[in-house]
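In our numbering, the protein residues as written are 111 to 276.
Rendered as structure tokens:
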């Protein structure tokens, strides 16, 4: 992923108002990020964990998506797997993230898209082995090499973003 500035990140959001995008608290240290090692920038808002964001390249442009974790009854029991990077986590390590579809009214049927993500939105780090799942979670043993796992992550992410921007 190419390096992005704060104004570029804020201008990229497709499913929230300009005011909401301007009020979003960006993660610290954006200038020091290893952008080349990211397929998307994802974060939960500090102090407001009910808000999450991801920014990725999609269709030749940068697209930002505001996310909300869905409330899960019984969360904390068992385990779950991220649909984006396929990392298994204890149940609290995965969240169903929903996003308003771009340009859709709230009363329209199918006005949102959802996907299971790593709760910390650090999928690019898990898939590259730079971060490990908490006790009770793990990367599954598979025959794909790192490059193929990254390609699968990008395909899964593009599917989600495509449902949001369509």
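By construction, the Cβ of each residue, glycine as well, lies at the ideal position given by its N, Cα and C atoms.
These numbers come from a predicted model, not from an experiment.
Around the beta carbon of residue 245, fewer than 16 other beta carbons lie within 10 angstroms, which makes this residue exposed. Under the DSSP assignment, residue 233 falls in the alpha helix (DSSP H) whose first and last residues are 233-237. C-alpha of residue 179 to C-alpha of residue 240: approximately 24 Å in a straight line. Boundaries for residue 270: no beta strand (DSSP E) harbours it, while the alpha helix (DSSP H) harbouring it runs 256-275, taken from the DSSP string. Cβ contact annotation for residue 256 (same chain, cutoff 7 Å, sequence separation greater than five): 238, in chain order. Under DSSP, residue 166 shares a beta bridge with 150, 173. Contact between residue 124 and residue 174 holds: CB atoms are separated by about 7 Å, below the 8 Å threshold. For residue 272, the number of other beta carbons within 10 angstroms of its own is below 16, and it is reported as exposed.
A Cβ-Cβ contact shorter than 9 Å links residue 113 with residue 143. By the Cβ-count criterion, residue 132 is exposed, with fewer than 16 other Cβ atoms from all chains shown falling within 10 Å of its own Cβ. Closest option to residue 146, judged by alpha-carbon separation, among 195, 111, 189, 263: 111. Excluding five sequence positions before and after residue 165, the CB atoms of its chain that fall closer than 6 Å to its own CB belong to 119, 122, 151, 174, given in chain order. Between residue 228 and residue 199 the beta-carbon gap is near 7 Å, inside 8 Å, which marks them as a contact. If you check the CB distance, residue 247 and residue 203 come in under 9 Å. By the 16-neighbour rule on beta-carbons within 10 angstroms, residue 149 is buried. In the DSSP assignment, residue 188 forms no beta bridge with any residue. Between residue 168 and residue 223 the beta-carbon gap is near 13 Å, outside 8 Å, which marks them as no contact.
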